[in-house]
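Comments concern the structure below.
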Ligand SMILES: Cc1cc2nc3c(=O)[nH]c(=O)nc-3n(C[C@H](O)[C@H](O)[C@H](O)COP(=O)(O)OP(=O)(O)OC[C@H]3O[C@@H](n4cnc5c(N)ncnc54)[C@H](O)[C@@H]3O)c2cc1C
């Protein structure tokens, strides 16, 4: 057991730190929630290009695809350091974290050459078109149809909750290509140009006020057959590679934001008073702060253990569900702890820019996005503990 | 970063597991817990022979010279098998002695490690806490002014009461935490001393026997005072950190047993013509058991490693004690509930683990106690 960074890992971190110190731009001045403006997206794109120029885009990608060949641990160092440096948020997260690795795993040579460099340079923003109005947890029941017509698929249907679709250039889309077989066996994965005729996007406002996700409508959208990713009717497997990646990846980047939240909360406890007494002196506040600290530590440790396993060459498996389940529920508790400690003030948009209320509301989505907590528990029971299917 | 057991540590784990399976099946656990001592001399000597007493302590005293991680590995397996007896209290006491050092350590420790000398710690008081504030400590050392025949050796006397002293009746020596003036002091007291009365006070966990120790003018020679003041405080804190890693590891072993046993039961017990493990509510209880167990493992390994590396061990150990104490209680409740009526019987082994876990939850301070310690570190 050795929880210290290896000399290689330290060298990686130090290099990155000095690069970040010289390159992270000033924070975007505008309010970045609610109605996101075009300037903000450009700001993010510029940052991606800067990362790319500095050789820091796609750190975990193999060198042959333009990445840095970083180990899972190095990648988590990257995500943490970037967040600590208060760099702009990583909006290429779907392209770089999900789509790229899937294309590398199952894509054709031509697809790799066409798409991978554009993901790294920030030219293409991707979205993930999986969920549908009638197919959420039961994703395999999806009904967006693709019918072969010569050298094209013709796509008709609707996706929903699609994050980033309003600005995305491309979509990783799951469609039904065979209705005569079991539901898992008739799905295909397509790479769809969001500028194709027949694609339209309608933003949905989230309870937190963001318009982060969208409805996406496909009406007779023609997709060239060379944009089929992986084999025909093998889309379920292709799509799952992405989901496993998603669960394993998210941890490292969200940890730092929770750590920052905790820091701010502690700061408030040290300076704010209630009934003449510092919050930090209230025994219940003290219990709650300590409990939040413990839970946050556990998140870091669970993530590190999972990383250490993937570093040793084990591919992310269903245990990734433990991480997803843990952090999403933990973040809800942390948000509630903050609301409780800060009290009435925390609901105000004039207090800390409304961050506390925002975090609290946004955290409700954590146990839904990327597979609900109930689905994660099903996965743990059935695939890790070997219990019989319940449905 | 490598967050896993090394090969030799895995081998140690396997050998302890094999030993427990062979030598201490649950039938022997039950037989021992029905005795007054929960202790079996031949088993104790065998465990000593394996090197499991003081395995983390210096070879100069006869220990194995391994680290807290190895101690944790052994403790987890002993917890998984619910092994009765004084392993934990002995290791705590041995750690305390070793960290004080000096002639008493050299004299007692070799016998402790080979199983022939039995020691325990009398520390907790009914109206005190695991933070051992000397100002409110009832057990006090005071000078009585008389000189003994041996020149210049002042005789002091000890008065007061300790409780929840593990295996005091089976010990040869007690290490006692007492107040002297406004300081802490650590004493070594032979159980045969005049004025010392040891009374059995059966606790929730019958696999470890706990006693009340009453001290009434027990004479204490100067050479029985092992340490005072800061030195005593530090040695105690350090030994508690080690012992807390051990008790958290034991709880991890219990968690592992609860998870395995509950999942197996859920896969075999049938109701409504199907195994109960196919009901989603039962599945989700099992998934939560898994999450609690795996998270506890992360916390325990981290604490053991921090102790080994001499990092901020106070914090890492407190984090582990908070998390694991709460986790093992929740897991025990999930396990009983998933078993239905059979889980509520004396006949089923669950209650052995459930009660051991309940006692461990409080040992060295429960989650609330350590949250306040953490708050002190975080908020001041
Ligand atoms: C912030 C956010 C961002 C998102 N981004 C994207 C995106 O970019 N792309 C994308 O494709 N999707 C995205 N989603 C959609 C997300 O993946 C789905 O919302 C999710 O999978 C749940 O599907 P659903 O909303 O249809 O709920 P349902 O599946 O209808 O679930 C409703 C309730 O029933 C429970 N339930 C359903 N099935 C079971 C079962 N078998 N066992 C037990 N309980 C069950 C659920 O746990 C839930 O509590 C996003 C969602 C959110 C909140």
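Protein chains in written order, with the numbering used here: chain Y, 45 to 435; chain A, 25 to 404.
The C-beta atom is built at its ideal place from N, Cα and C for all residues, glycine as well.
For residue i, the first and last residue of its enclosing beta strand (DSSP E)
i: residue 490(Y); result: The question about residue 490(Y) has no answer here: the residues shown for chain Y are numbered 45 through 435.
i: residue 240(A); result: 234 to 244
i: residue 257(Y); result: 257 to 268
i: residue 130(A); result: It is not in any beta strand (DSSP E) - residue 130(A) instead sits in the alpha helix (DSSP H) that spans 126 to 138.
i: residue 246(Y); result: 243 to 248
i: residue 408(A); result: For residue 408(A) there is no data in the structure shown, the boundaries of chain A being 25 and 404.
i: residue 232(Y); result: 231 to 237
Run of the alpha helix (DSSP H) containing residue i, from where it starts to where it stops
i: residue 329(A); result: 304 to 333
i: residue 377(Y); result: 364 to 386
i: residue 198(Y); result: Residue 198(Y) -> not in any alpha helix (DSSP H); beta strand (DSSP E) instead, spanning 196 to 207.
i: residue 100(A); result: 92 to 104
i: residue 119(Y); result: 116 to 128
i: residue 39(A); result: 31 to 47
i: residue 401(Y); result: 399 to 410
i: residue 250(A); result: Looking at the DSSP string, residue 250(A) is not in any alpha helix (DSSP H); the run it does join, the beta strand (DSSP E), is 249 to 252.
i: residue 146(Y); result: 144 to 150
i: residue 112(Y); result: Note, residue 112(Y): premise wrong, no alpha helix (DSSP H); not H, not E.
i: residue 221(A); result: First-last for residue 221(A): 220 to 224, but that is the beta strand (DSSP E), not the alpha helix (DSSP H).
i: residue 219(Y); result: First-last for residue 219(Y): 214 to 220, but that is the beta strand (DSSP E), not the alpha helix (DSSP H).
Straight-line Cα distance separating residue j from residue i
i: residue 277(A); j: residue 252(Y); result: 42 Å
i: residue 53(Y); j: residue 63(A); result: 49 Å
i: residue 126(Y); j: residue 67(A); result: 55 Å
i: residue 57(A); j: residue 406(Y); result: 52 Å
i: residue 175(A); j: residue 212(A); result: The pLDDT assigned to residue 175(A) is 47, lower than 50, so where the model puts this residue is not dependable, and the model offers no usable value.
i: residue 198(A); j: residue 341(A); result: 25 Å
i: residue 273(Y); j: residue 297(A); result: 44 Å
i: residue 196(A); j: residue 114(A); result: 11 Å
i: residue 124(A); j: residue 214(A); result: 18 Å
i: residue 153(Y); j: residue 108(Y); result: 12 Å
i: residue 355(Y); j: residue 393(Y); result: 43 Å
i: residue 150(Y); j: residue 362(Y); result: 20 Å
i: residue 238(A); j: residue 166(A); result: 16 Å
i: residue 422(Y); j: residue 223(A); result: 51 Å
i: residue 249(Y); j: residue 402(Y); result: 14 Å
i: residue 106(A); j: residue 353(Y); result: 29 Å
i: residue 368(Y); j: residue 234(A); result: 42 Å
i: residue 111(Y); j: residue 282(Y); result: 22 Å
i: residue 402(A); j: residue 396(Y); result: 22 Å
i: residue 32(A); j: residue 322(Y); result: 50 Å
i: residue 181(A); j: residue 262(A); result: 27 Å
i: residue 377(A); j: residue 352(A); result: 10 Å
i: residue 172(A); j: residue 218(A); result: With a pLDDT of only 48 at residue 172(A), under 50, the local geometry of the prediction cannot be trusted, and the value read off the model is given with reservation. Rounded to the nearest angstrom, the two C-alpha atoms are 15 Å apart.
i: residue 203(Y); j: residue 221(Y); result: 16 Å
Under 8 Å between C-beta atoms of residue i and residue j
i: residue 102(A); j: residue 80(A); result: no
i: residue 244(Y); j: residue 257(Y); result: no
i: residue 78(A); j: residue 118(A); result: yes
i: residue 144(Y); j: residue 160(Y); result: yes
i: residue 61(A); j: residue 194(A); result: yes
i: residue 425(Y); j: residue 307(A); result: yes
i: residue 200(A); j: residue 252(A); result: no
i: residue 200(Y); j: residue 234(Y); result: no
i: residue 47(Y); j: residue 27(A); result: yes
i: residue 163(A); j: residue 185(A); result: yes
i: residue 393(A); j: residue 116(A); result: no
i: residue 338(A); j: residue 241(A); result: no
i: residue 270(A); j: residue 99(A); result: yes
i: residue 305(Y); j: residue 212(Y); result: no
i: residue 133(A); j: residue 188(A); result: no
i: residue 268(Y); j: residue 196(Y); result: yes
i: residue 309(A); j: residue 258(A); result: no
i: residue 346(A); j: residue 383(A); result: no
i: residue 82(A); j: residue 91(A); result: no
Item to complete: May I ask you to verify whether the region 321 to 336 of chain Y touches the region 287 to 295 of chain A, counting CB pairs closer than 8 Å and requiring at least 3?
Response: no
Worksheet item: If we count Cβ pairs, one from each stretch, closer than 8 Å, do we get three or more for the region 207 to 215 of chain Y versus the region 180 to 193 of chain Y?
Response: no
Worksheet entry | Touch test, the region 43 to 52 of chain A against the region 374 to 390 of chain Y, Cβ-Cβ under 8 Å, three pairs minimum | no
Worksheet item: Pairing CB atoms from the region 124 to 139 of chain A with CB atoms from the region 242 to 251 of chain A, are three or more of them under 8 Å?
Response: yes
Worksheet item: Between the region 215 to 222 of chain Y and the region 161 to 174 of chain Y, do three or more beta carbon pairs fall short of 8 Å?
Response: yes
Fill in: Cβ contact (3+ pairs, closer than 8 Å) linking the region 92 to 105 of chain Y and the region 61 to 76 of chain Y
yes
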